[in-house]
Amino acid sequence: MDKEHLIDLISDSMIFEIKDLESYENKFNAKSYLNNRNLNQLRIISKEYIL
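Here is the structure:
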């Protein structure tokens with residue numbers, strides 16, 4: 050799985066789990082944060098939110 054796909058999956062999953070977030074703004078913030086992570090870090094994060 051490439052980095053962009055992981056970022057989309059993780060940020061969508063985070064927004065889904067945390068319902069009281071204002072979704073668009075926080076999705077942007079989540080994507081910004083995730084873009085600064087490397088691929089291995091994203092894989093670890095994805096295990097937390099996707100599984």
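For what it's worth, this note's numbering labels the leading residue of the sequence shown as 50, then goes sequentially. For each residue, glycine too, the CB sits at the ideal point set by N, CA and C.
Using the three-state DSSP reduction, which class does residue i fall into: helix, strand or coil?
i   : result
M63 : helix
D57 : helix
N78 : helix
R92 : helix
N84 : helix
Is the CB-CB distance between residue i and residue j below 8 Å?
i   : j   : result
L83 : S60 : yes
N56 : L91 : Here the sequence assigns Ile to residue 56, which means Asn is not the residue at that position. Yes, the Cβ-Cβ distance between I56 and L91 is below 8 Å.
L58 : S81 : no
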